[in-house]
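Notes follow once the structure below has been shown.
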Amino acid sequence: MKVGIFGANGRMGRVLIEALQEHEQAQLTVATVRDDSPWVGMNVGELAGIGSLPIKCTAVSEINPTQVDVMIDFTLPAAFDSNLAWCVSHNIPVVIGTTGLSDEQLSSLKNAATQIPVVFAANYSVGVNVMLSLVKQAARALGETADIEILEAHHRYKQDAPSGTAVAIGNAIADELGRNLKECAVYGREGKEPPRDQKTIGFATVRGGDIVGEHTALFADIGERLEITHKASSRLTFGRGAVHAAKWLHGKKAALYGMDNVIGLKLQD
1 MKVGIFGANG RMGRVLIEAL QEHEQAQLTV ATVRDDSPWV GMNVGELAGI GSLPIKCTAV
61 SEINPTQVDV MIDFTLPAAF DSNLAWCVSH NIPVVIGTTG LSDEQLSSLK NAATQIPVVF
121 AANYSVGVNV MLSLVKQAAR ALGETADIEI LEAHHRYKQD APSGTAVAIG NAIADELGRN
181 LKECAVYGRE GKEPPRDQKT IGFATVRGGD IVGEHTALFA DIGERLEITH KASSRLTFGR
241 GAVHAAKWLH GKKAALYGMD NVIGLKLQD
């Protein structure tokens with residue numbers, strides 16, 4: 001299977017190059033960068049720090065659609081619209097890991113999935129997707145009495161806060177409890193406030209150093225608390241998951257899929 005990467009020079013782009021290089025059934029055939037990028041023409045293996053490979057970085061406007069079966073996009077919201085439009089116009093399936101998308105962009109993604117196969121997930125780790133199932137079970141059992149907080153930590157360069165994974169955890173819990181996350185979420189606290197509203201879902205964000213990604217869903221009741229935590233120690237975990245998703249997506253019919261579909265995990269209803 002021939003796989004292309006949008007934003008090969010990004011943090012996750014370089015990880016995806018490595019993940020594809022080690023995969024036995026997927027081959028990296030296209031690695032794009034911005035048209036004005038100094039990385040145009042650079043060897044992708046040297047870019048990723050894994051030695052020379054027989055592929056060079058291509059300007060995004062020069063992608064040859066005949067060279068790819070599936071694209072992977074872990075870029076930024078600013079590049080999302082054009083990347084998605086390219087995939088739709090050339091009927092190329094796409095795996096999307098870009099976070100921080102606007103409501104309008106999420107709507108565009110859903111519309112695109114009526115024309116091409118799309119996998120969209122806030123996190124491509126198998127462990128995180130198991131965590132989404134577990135927090136729904138915890139919410140069902142504890143959510144009506146426990147105070148719920150979501151804690152997340154990432155490296156200093158991460159731009160969106162809270163993380164897409166933290167929001168996905170919040171949405172999983174809110175949906176289980178019949179709440180609207182946009183109405184019940186609390187993003188940080190400061191100064192004197194009234195007693196905590198038990199119906200809210202709080203978020204706490206840490207940005208520092210080279211933290212790959214840590215997420216905890218905290219259910220705190222009187223006399224006990226439950227913490228469900230996932231910690232990633234390598235971005236290669238996400239890269240391998242995305243490549244697995246790309247392989248799974250190849251040949252699927254047009255629809256919007258999640259990692260629960262990819263790994264065969266049925267989240268609790």
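According to our numbering, numbering within the sequence shown proceeds without interruption in unit steps and concludes at 269.
Virtual Cβ for every residue (Gly too), placed ideally from N, Cα, C.
Assign residue i to one of three DSSP states: helix, strand, or coil.
i    : result
I173 : helix
N43  : strand
T98  : coil
N9   : coil
D221 : strand
Q105 : helix
I17  : helix
Q115 : coil
E152 : strand
What is the rounded straight-line gap between the Cα of residue i and the Cα of residue j?
i    : j    : result
D73  : F219 : 34 Å
K252 : V128 : 24 Å
A172 : K136 : 6 Å
M42  : M12  : 17 Å
T229 : A85  : 36 Å
I201 : I17  : 37 Å
Leaving aside the five residues before and after residue i along the sequence, list all residues of the same chain whose C-beta is less than 6 Å from its C-beta, in chain order.
i    : result
G258 : A121
If you drop the 5 nearest sequence neighbours on each side, which residues of the same chain put their C-beta closer than 7 Å to that of residue i?
i    : result
A146 : F219, A220 and D221
A255 : A113 and P117
Q198 : D147
Tell me which residues share the same chain as residue i and place their Cβ nearer than 8 Å to its Cβ, disregarding the 5 neighbours each side in the sequence.
i    : result
A204 : E149, I150, L151, E152 and G188
Check whether the Cβ atoms of residue i and residue j sit closer than 9 Å, and answer yes or no.
i    : j    : result
V33  : I55  : no
I263 : V126 : yes
I169 : M131 : yes
V70  : A246 : yes
R240 : A19  : yes
A14  : L53  : According to the sequence provided, residue 14 is Arg. The question's Ala does not apply to it. It is not a contact, given that the beta carbons lie outside the stated cut-off.
Runs of alpha helix (DSSP H) wholly within the stretch 45-98 (minimum 4 residues, chain order):
For the stretch 45-98, the full-length alpha helix (DSSP H) segments reaching 4 residues or more read 77-89 along the chain.
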